[in-house]
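Undergrad: In our numbering, the protein residues as written are 315 to 430.
(1) Given this structure, state the Cα-to-Cα distance separating residue 414 from residue 386, to the nearest angstrom.
(2) Give the single residue among 377, 371, 400, 406 whose Cα lies nearest to the Cα of residue 388.
(3) List the endpoints of the continuous beta strand (DSSP E) containing residue 399.
(4) Return the chain-ordered list of same chain residues with a C-beta closer than 8 angstroms to the C-beta of residue 353, the five sequence neighbours on each side being excluded.
(5) Who pairs with residue 286 in a beta bridge, going by DSSP?
(6) With a 10 Å radius around its C-beta and 16 neighbouring C-beta atoms as the bar for buried, classify residue 392 as buried or exposed.
(7) Measure the CB-CB distance between residue 426 and residue 420 and report whether it falls below 8 angstroms.
(8) Do residue 368 and residue 349 come within 8 angstroms of each other at the CB atom, strictly closer than that value?
(9) State the DSSP-derived secondary structure class of residue 352, mapped to helix, strand or coil.
(10) If we call anything under 8 angstroms between Cβ atoms a contact, is residue 424 one with residue 360?
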């Protein structure tokens, strides 16, 4: 069962060169990895928007639509905080497609588009 895009309540901060480093510049690699793993586990490894089973970054999979990414519920570009409470697991396809669209609006759109 996927959690709501608004439900994670853990807090972290730090620095490093991990693949998600541009979005978490103040986090250390170990803390970023722990944060990613925490969100991945909370969401059961599935995209909160379309439900597809995602996978971790691996050699040769950097462009996979099912690549697990962290999505900011309230986009950073509109003032969303850099906290786990504002992060959910999304497949790369949904994360890229959503852009700055409202999370609940996007989730409703995806439900209408996906076959039952």
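Beta carbons are placed, not taken as given, at the ideal position from N, Cα and C, and that holds for glycine.
TA: Per the coordinate set shown:
(1) 9 angstroms
(2) Checking every option, the nearest Cα to that of residue 388 belongs to 400.
(3) Segment: none, residue 399 is in no beta strand (DSSP E) and carries neither H nor E.
(4) 322, 384, 398, 401, 402, 403
(5) There is simply no residue 286 to check, as the chain begins at 315 and stops at 430 in what is shown.
(6) exposed
(7) Taking 8 angstroms as the cut-off, the beta carbon of residue 426 is found no closer than this to the beta carbon of residue 420.
(8) no
(9) In the structure shown, the three-state DSSP call for residue 352 is helix.
(10) no
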